[in-house]
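Numbers 1 to 163, taken from the UniProt record's numbering, label the letters of the sequence shown in order. Virtual Cβ for every residue (Gly too), placed ideally from N, Cα, C. Below is one structure, written out as structure tokens, with a few remarks after it.
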Amino acid sequence: MQKKLMCAGCKRPLDKKYIKALGKVWHLEHFKCAKCSKTLSTQTFFERNGLAYCKNDYLNLFCHKCSKCDEYITQEIVKAIGKFWHVSCFTCTTCNKPIQPPYFFEKEGKPYCNDDYAKNFAPICKACGQYIFEDYLKVLGGTWHTNCFTCKDCKQPIKKNIS
């Protein structure tokens, strides 16, 4: 005698029409979203920790929204500046070119590539004329790399904590 298949939802024997999902069998009407209880037998579902979810609930419960396009992120994700981004949406605020973390600068919660950050925000060293991205000194009406602020006579860097 063949053992009857039992519905994972109601624990009763299955009739002719049933669905096999998540390693179990279900009456069509008993395979439901774990959150909203919508029947999932005729639509795409998503699994998380052995439970089935409709698309809307899965996205709302488990996916972040992209900071740039406001769409849900279901693939690879970039977490930067305390926000979440699609890889393709993590671009420079000025030129819109893709940025590869960790090689970017942040200003007021927005990402910038090296070139645009320099052009828009970085001070220029009075001695060498290059953009300054790290520690610097603001003295004598100018901005200086710490190693570029040197003694006029001996050419040694002047340390900011020396009087």
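- Following the DSSP letters along the chain, one finds K65 in no beta strand (DSSP E), marked with neither H nor E.
- With a threshold of 16 other beta carbon atoms within 10 Å, D116 meets it and is buried.
- Short of 7 Å from the beta carbon of K35, and not among the five residues preceding or following it, lie these beta carbons of its own chain, in chain order: Y53, D57, L61.
- In the three-state reduction of the DSSP assignment, A21 falls in the strand class.
- The Cβ atoms of H64 and I77 sit closer than 8 Å to each other.
- Judged by DSSP in its simplified three-state form, L5 adopts coil rather than helix or strand.
- Look at E108 here: in three-state DSSP terms it is coil, with no helix or strand label.
- Under DSSP, I124 takes part in a beta bridge, and its partners are Y131.
- No residue range can be given for K35, since it is assigned to no beta strand (DSSP E) and is classified by DSSP as neither H nor E.
- F149: not part of any beta strand (DSSP E); DSSP gives it neither H nor E.
- In this structure, the CA atom of E106 is about 46 Å from the CA atom of T42.
- Between the alpha carbons of Y18 and Q75 lies a gap of roughly 31 Å.
- Under DSSP, the beta-bridge partners assigned to P13 are M6.
- Between Y131 and A118 a beta carbon distance of about 4 Å is seen, short of the 8 Å cut, so the two are scored as contacting.
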